[in-house]
Amino acid sequence: MDRRKEVNLILDIVAFLIGSSLITAGVVTYINGVTQSITIPAFVLGGILFVGALVAFVIDWKKEKKDQLETTEEKTLE
Numbered sequence: 111m112d113r114r115k116e117v118n119l120i121l122d123i124v125a126f127l128i129g130s131s132l133i134t135a136g137v138v139t140y141i142n143g144v145t146q147s148i149t150i151p152a153f154v155l156g157g158i159l160f161v162g163a164l165v166a167f168v169i170d171w172k173k174e175k176k177d178q179l180e181t182t183e184e185k186t187l188e
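Here the sequence shown is numbered in the working numbering, starting from 111 and rising by one per residue.
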């Protein structure tokens with residue numbers, strides 16, 4: 111795995127963890143009845159980060175599989 115792919119994977123994991131933490135914070139503040147000025151932004155920002163990281167991870171994974179398939183086909187043709 112080259113350096114760019116490693117960095118992308120690390121960034122995906124970090125965004126995923128931050129997003130899930132913000133969603134959890136939103137749930138906890140909602141359950142505890144804390145002001146909704148904190149709850150709604152936590153849900154929204156957490157959801158965006160969580161879904162964005164998941165989509166980025168899937169896109170990177172599909173690109174990797176496609177590259178592996180092309181490499182395998184090239185080796186087969188040789």
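C-beta atoms are modelled at their ideal positions from N, C-alpha and C, and glycine is treated no differently.
Just so we're clear, the structure is a prediction, and the values are computed from it rather than from any experiment.
Would you kindly work out how many angstroms separate the C-alpha atoms of residue i and residue j, rounded to a whole number?
i, j, result
"Leu119", "Ala125", "10 Å"
"Trp171", "Val161", "15 Å"
"Glu183", "Asp112", "20 Å"
"Gly136", "Ser130", "10 Å"
"Asp177", "Ile128", "29 Å"
"Ala163", "Leu121", "8 Å"
"Thr134", "Val117", "26 Å"
"Thr181", "Ile169", "18 Å"
Tell me where the alpha helix (DSSP H) around residue i begins and ends.
i, result
"Gly143", "Segment: none, Gly143 is in no alpha helix (DSSP H) and carries neither H nor E."
Name the residue from the options whose alpha carbon lies nearest to the alpha carbon of residue i.
i, options, result
"Thr149", "Leu159, Leu132, Val165, Ile158", "Leu132"
"Arg114", "Thr181, Lys173, Phe153, Thr186", "Lys173"
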